[in-house]
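If you count by mature numbering (1 follows the signal peptide of the UniProt record, and there is no 0), then the sequence shown holds residues -30 to -1, 1 to 986, one letter each, in order. In this text, a Cβ means the ideal position worked out from N, Cα and C, and glycines have one as well.
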Amino acid sequence: MGKHRASSVRRYLETTGLIAALGAVAPAHAQVAPAAAELTPSADAAPEVAGTDVVVTGSRIRRSGSDQMAPVVTVNQQWIIDRGYTSAADALNDVTSMTPAINQADGTGNSSGTGQQYPNLFGLGAGRTLTLVNGRRMVTSSSGLGDAQVDANIIPIGLLDRVDVVQAGGAAVYGSDAIAGVVNYVLKKDFTGLDVDAQTGISSRGDYPTYSARATAGTNFADGRGNVAVDVSWATSPVLRFGDRPLSNLSRVAVSNAADTGPSDGVPSVKELLDAHFWEFNGNGVLFNTPAPLTRFLTGGGLQFAPDGSVTRYNPGTSVGIPFSSGGDGLRYSDLAGLRTGVDRLTANMIGHYDVSDHLTISTELLYARTKGTEIPQGNSYTILNAGTYAGPIVFTIDNPYLTAASKATLSAARPGFAQGAPIFLSKYFYDLVPSDQQTTTTNTYRALLSANGDFDVGTRNFYWSVSGSYARVEGQQRSWQVVNSKFENAIDSTLNGAGKIVCAINADGDNSNDDPNCAPINPFGNGNVSAAARNYVSTRAGMDYTNEQVDILATLGGTVVSLPTGDVKFSLAYEHRDERARFDPLAANQAGSFGGGTLELPQSGRYNTNELSAEIDIPLVGRDFTLPLVKELEATGAYRYVDNSIAGSESVWQAGLRWLVTDGVTLRGTRSRNFRAPTLTQLFKPSSTALGSVGFDPCDADRINSGPNPSVRRTNCLAAFAANPGYGVGADGTGAGLSAAQRLALFQDPAENFEVASVTTGGNAGLKNEISNTLSYGITLQPKFARGLTITVDRIQVDLRDGLSAFTTEDFTAACYDNVNPNPAVCNAFSRLAVSDGINTGGTILKGTTTTFNAGVVKYRGETYAIDYRFAPGDLFAGGRDLGRLQLNASATRNELLTQSVTGETFDRTDDTIVEPSWVGRFNATYVKGPVRVSYQMFYLPGARRTYTSTIENDPNPEVASNMTHSLSAQIDAGRLTYRLGVENLTDEQPSYPSIAYGDILGRRFFAGVNVRLP
């Protein structure tokens, strides 16, 4: 859609819906406003039919939908449609206990993701939230041999009945990964008719157009004994760049602050730099006399190539160290990466069932989904900062045939010796070296399931059973364009042949053994001057193909053990066999190490299987005709699961719960459980490889020395290292020589933080075991009789995890080494520093690092979830029973009291009360329904928070961010078979709280318009 045309599209947000409480809702309320959009409490986690028990998420025992032990939130389909959402992932982000996983960059220059979205409860990590479809496992969507995560984008919205979110635990019932909780996508069972839906959207800036279309059809057959339904949906959203939004376009970084005199002076150790540039390079090419990134070595005091290849003056801006400057002609920091990943999605699904008899039903589920994520990774740079590596500057002399006579004269005057053959070093970021700067991740997911379920009687007792088998497969591709190092070296070295034509030097050196007839020379000067022939010669397709397969067989048996005066004692037994396989096949260029740091990426494959037995029991201790004072009902539950994993070994987990109905309208509940997560195939078997890379934050860097959980310990350990190594902190030009250890430490900046100068060895760990968590949740539900339709719930959640599967990076090793009073020598030996400058890098630069996985992590979480839900008819309260429609008011919140994690098990990092996991997350919703019209309002609130838990004015110029509140509106008109909806999200165009680009809504105000057609 063109910009002019797109600007005419209006998108008004429809937030018809209700976030209801996390407790029971009176059955009478289910009759209010049929098909209302809801984010409902556990009482509505399954559709209730009077006198009928059903299986609800969190258990395999059939019970009343209100008999929940753990807090469960449910999102229904109407909520998703009303909000203008086109995927289940968008709706899950409305659950306040869910840490959003939107497709955006983190502002550090990293790429913006694959477009896949995974649920992540309480910020414990997506790998610790289990995803199910109709109570059964799905194959992972993640690339290679990663965590068992399922992309929420592949769920069929047209056939989705609801999404149940169990908050905390669930491994005793469902198995591995259910530590933070469980997300269960429940599909419809008897869809009939034809439902066609289309929607388009646009931002108020005239960009970010989105489109979606869906058709769902279903019919009954065999006199209603069978039903089959098909859903096909498509949606697309574009790539968004940093420059497309004012906040992300600020090009903001934090750099060392020379005004800082110490840790207690009230002056930040770093200062804010806006309009940050890399003064050492840009897209035209910056010239240096020597391969050292210092301003004194700029050719002629500052020269660059103009886009047309001529030489012109270069303004490096105001240098603030390496690598940044304020302003100038260097590459803007914000130009390095994308802001939002583009996603294209196509899904096709079929579900069906047939009642063979009153006691036997055959069902099937068939799924196909294709998703494609497009991101903008960092481009191809050959800079003075990476001198001595494959990404070092381009060296040229006066005989380069692409230099004009004028350029030669200018450079000869500016660089003594250039006319006699002395080299000049070109530091440049290429925009035109490969056919495309985009990287894509494409996944094709296939799943087929066949199940049989039924029931039978033994005497007066009824038993129910089910058997299912599924096969699922994900075929993924990651593709990007990369530059072949050897071909670049050939093409960048050009000369004139005997006919006066510019050719690759290897083809004109008189040595036929190194000729390459396909070589096309590169003109490196200016911007946009690389020929198509040269681009095609040096470029190669890189990436990988990966396959994930899952076979899952599940058999369950449940029923009544015995009937007591208090109620029926119920049980469920289950056996599950799971076979997981994955294969990772790098493309030829990856296997050969043809590009980048030369990493040889080898094909990988792995598999494991599990055999699992589980049992549940539900015992009514008080109830029916047997009651006690203040105990109308008392119900105890227990669950146990034994898992035999062919790699990780055996594990036993359990869960115990209690539900206490004190009196009508007051219910207490609680659970205690032991949960686990098994190591993934990548964590176990990833082959060892070594490549050049950056090492993340160096604790001894001047920008980090006053940070960390205990800055004084960090400073002491770093100072001891600098005192023992007098070459640390001495630059290539001798800067720092003769200074004290403290002075050298105060000036030290490690280039390995941002540039690929370290050899990093990465590999798996076959000795891993399961990680274990202990979880406690308890809460109360209030439904006061004096306020019919009001439900209030509060739940407390505590998670303690040990032996966490932690990905140790070089940054983690260095932090564990310098942030501990008595560091482990093995940890400190996992990396090494440059003893003295090598003529390029400063002494003390980290030159070797390690990345692997250990069972060392520790996680502690403490928090609560709150919800108030009130549904009523205004006319009953204020107008003597007149029909004034229906009103639904709801407020929900999650309080994150504590989230502390340790990768190493020694150094803890708290993220509660930060922008990563704010102390509170809140939503308020109001929906008014009158006849065919529905109007909705939603508010989303984030409180003021610290940027990191240790942020103070001593180490951060912006230690805190302001609170953030967004508002959304929608309207819907039901015109019979046609329903029209309009909506506006982020009504006031509220931007994320400065300086974060993620603490809020970076997309800003945007509109949508949709139409739905229903045929019987």
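Proximity to leucine 752 [Cα-Cα], best of Gln348, Tyr840, Phe495, Leu654: Taking the sequence shown and counting its residues from 1, the one referred to as residue 752 is at position 782. Of Gln348, Tyr840, Phe495, Leu654, the residue nearest in Cα terms is Tyr840.
To the nearest angstrom, how far is it from the Cα of valine 200 to the Cα of glycine 734? The sequence position of residue 200 within the sequence shown is 230, counting from 1. The sequence position of residue 734 within the sequence shown is 764, counting from 1. Near 42 Å, if we compare the C-alpha coordinates of glycine 734 and valine 200.
For threonine 465, which option in Thr779, Gly271, Met514, Leu373 has the closest C-alpha, if you only look at C-alpha atoms? Translated into positions along the sequence shown, residue 465 becomes position 495. The shortest CA-to-CA distance from threonine 465 to any of Thr779, Gly271, Met514, Leu373 is the one to Leu373.
Using the Cβ count rule (16 or more neighbours within 10 Å means buried), how would you classify aspartate 538? In the sequence shown, the residue the question calls residue 538 occupies position 568. Buried is the call here.
Using 8 Å for Cβ pairs, my map puts isoleucine 346 next to aspartate 299. What's the rounded Cβ distance? As a working note, residue 346 is residue 376 in the sequence shown. As a working note, residue 299 is residue 329 in the sequence shown. The pair is not a contact, with the Cβ atoms about 22 Å apart (cut-off 8 Å).
N- and C-terminal bounds of the alpha helix (DSSP H) containing tyrosine 925: Walking along the sequence shown from the start, residue 925 turns up at place 955. Per the sequence presented here, residue 925 reads as asparagine, with tyrosine not at that position. Per DSSP, asparagine 925 belongs to no alpha helix (DSSP H) and is neither H nor E.
Pairwise C-alpha distance: isoleucine 364 and arginine 647: Working through the sequence shown from its first residue, we reach residue 647 at position 677. Working through the sequence shown from its first residue, we reach residue 364 at position 394. Near 49 Å, if we compare the C-alpha coordinates of isoleucine 364 and arginine 647.
Inter-residue Cα distance where the pair is asparagine 695 and asparagine 792: Working through the sequence shown from its first residue, we reach residue 695 at position 725. Working through the sequence shown from its first residue, we reach residue 792 at position 822. In a straight line, the C-alpha of asparagine 695 is about 19 Å away from that of asparagine 792.
In this structure, does DSSP put glycine 875 in helix, strand or coil? Within the sequence shown, numbered from 1, the residue matching residue 875 stands at position 905. When secondary structure is reduced to three states using DSSP, glycine 875 falls in the coil class, being assigned neither helix nor strand.
Reduced DSSP secondary structure (H/G/I, E/B, other) of leucine 781: Counting from one through the sequence shown, the residue named residue 781 turns up at place 811. Reading the sequence as shown, one finds glutamate at residue 781 and not leucine. Reduced to three states, the DSSP call for glutamate 781 is helix.
Can you list, in chain order, the residues of its chain whose CB lies under 6 Å from that of serine 862, leaving out five sequence neighbours each side? The sequence position of residue 862 within the sequence shown is 892, counting from 1. Within the same chain, and ignoring the five residues on either side of serine 862 in sequence, the residues whose Cβ sits closer than 6 Å to its Cβ are Ile(-12), Thr66, Ala837, Arg893.
Own chain partners of valine 531 with C-beta closer than 6 Å, once the 5 adjacent residues on each side are dropped: As a position in the sequence shown, residue 531 is number 561, starting the count at 1. So the list reads Val539, Phe541, once near-sequence residues are dropped.
Can you list, in chain order, the residues of its chain with a C-beta nearer than 8 Å to that of glutamate 571? Leave out the 5 residues immediately preceding and following it. Here residue 571 is taken as the residue at index 601 of the sequence shown, counted from 1. Once the five neighbours on either side are set aside, the close Cβ partners of glutamate 571 are Met514, Pro556, Asn560, Gln561, Gly563, Ser659.
Tell me where the beta strand (DSSP E) around phenylalanine 426 begins and ends. In the sequence shown, residue 426 corresponds to position 456, counting from 1. 409 to 428 is the extent of the beta strand (DSSP E) around phenylalanine 426.
Could you tell me which of Thr334, Phe251, Asn259, Thr510 sits nearest to arginine 417, measuring between CA atoms? Start at 1 with the first residue of the sequence shown, and residue 417 comes out as number 447. For arginine 417, the nearest C-alpha among the options comes from Thr334.
Pick from Glu930, Arg385, Leu355, Asn350 that is closest to phenylalanine 366, judged by C-alpha positions: Sequence index remark: in the sequence shown, residue 366 carries index 396 (1-based). When each option's Cα is compared against that of phenylalanine 366, the closest is Arg385.
Beta-carbon of alanine 968 versus every beta-carbon of chain D: anything under 8 Å? Looking for chain D here will not work: only one protein chain is present.
Taking the alpha-carbon positions, what's the valine 981 to leucine 524 distance? Stepping through the sequence shown from its first residue, residue 981 is reached at position 1011. Stepping through the sequence shown from its first residue, residue 524 is reached at position 554. Answer to the nearest angstrom: the Cα atoms are 40 Å apart.
I need the DSSP call for isoleucine 967, collapsed to helix, strand or coil. If you number the sequence shown from 1, residue 967 lands on position 997. Coil at isoleucine 967, not helix or strand.
Quick one: is leucine -18 buried, meaning 16 or more other Cβ sit within 10 Å of its Cβ, or exposed? By 1-based counting over the sequence shown, the position of residue -18 is 13. The pLDDT assigned to leucine -18 is 27, lower than 50, so where the model puts this residue is not dependable, and the model offers no usable value.
Classify threonine 686 as buried or exposed, calling it buried when 16 or more other Cβ atoms lie within 10 Å of its own Cβ. Counting from 1 along the sequence shown, the entry for residue 686 is found at position 716. Under this definition threonine 686 is an exposed residue.
C-alpha gap between threonine 958 and arginine 215, whole angstroms: Taking the sequence shown and counting its residues from 1, one reaches residue 958 at position 988. Taking the sequence shown and counting its residues from 1, one reaches residue 215 at position 245. Near 15 Å, if we compare the C-alpha coordinates of arginine 215 and threonine 958.
Can you give, in chain order, each stretch of the alpha helix (DSSP H) that sits fully within the region 255 to 319 and has at least 4 residues? none
Closest by CA to glutamine 38, which one among Glu930, Ala138, Leu654, Asp595? Residue 38 sits at position 68 when you count from the first residue of the sequence shown. Cα-wise, what sits closest to glutamine 38 is Ala138.
Residues that DSSP places opposite glutamine 574 in a beta bridge: Numbered from its first residue, the sequence shown carries residue 574 at position 604. DSSP lists Phe554 as the beta-bridge partner residues of glutamine 574.
Per DSSP, which one or two residues make a beta bridge with serine 743? Numbered from 1 along the sequence shown, position 773 holds the residue referred to as residue 743. Asn645, Leu771.
Helix, strand or coil: how does DSSP classify isoleucine 885 here? In the sequence shown, residue 885 corresponds to position 915, counting from 1. Three-state result, isoleucine 885: coil.
So aspartate 789 and arginine 684 are in contact, right, with Cβ under 8 Å, and what is the actual spacing, rounded? Within the sequence shown, the letter at position 819 stands for residue 789. Within the sequence shown, the letter at position 714 stands for residue 684. That belief holds up - the Cβ atoms of aspartate 789 and arginine 684 are roughly 5 Å apart, short of 8 Å.
Report the option in Asn744, Tyr55, Pro393, Phe783 whose CA atom is closest to the CA atom of valine 769. Here residue 769 refers to the residue found at position 799 of the sequence shown. Nearest to valine 769 by C-alpha distance, out of Asn744, Tyr55, Pro393, Phe783, is Asn744.
Is DSSP giving tyrosine 907 helix, strand or coil here? The residue you call residue 907 lines up with position 937 of the sequence shown. Here tyrosine 907 sits in strand by DSSP.
Please report the residue range of the alpha helix (DSSP H) in which arginine 685 lies. By 1-based counting over the sequence shown, the position of residue 685 is 715. 681 to 694 is the extent of the alpha helix (DSSP H) around arginine 685.
Sequence-distant residues of the same chain with beta carbon closer than 6 Å to valine 198, five excluded per side: One-based indexing of the sequence shown puts residue 198 at position 228. Only Gly322 meet the Cβ criterion.
For the region 877 to 888 and the region 846 to 859, state whether three or more C-beta atom pairs, one from each stretch, are separated by less than 8 Å. No: fewer than three Cβ pairs fall under 8 Å.
Going by DSSP, what residue range makes up the beta strand (DSSP E) through tyrosine 836? Taking the first residue of the sequence shown as position 1, residue 836 is located at position 866. DSSP places tyrosine 836 inside the beta strand (DSSP E), whose first and last residues are 816 to 842.
Which word fits leucine 244, buried or exposed, when buried means at least 16 other C-beta atoms lie within 10 angstroms of its C-beta? Taking the sequence shown and counting its residues from 1, one reaches residue 244 at position 274. The residue is exposed, with fewer than 16 neighbouring Cβ atoms inside 10 Å.
Serine 802: which of Ile816, Pro795, Ile810 sits nearest, CA to CA? Numbered from its first residue, the sequence shown carries residue 802 at position 832. Out of Ile816, Pro795, Ile810, Ile816 has the C-alpha closest to the C-alpha of serine 802.
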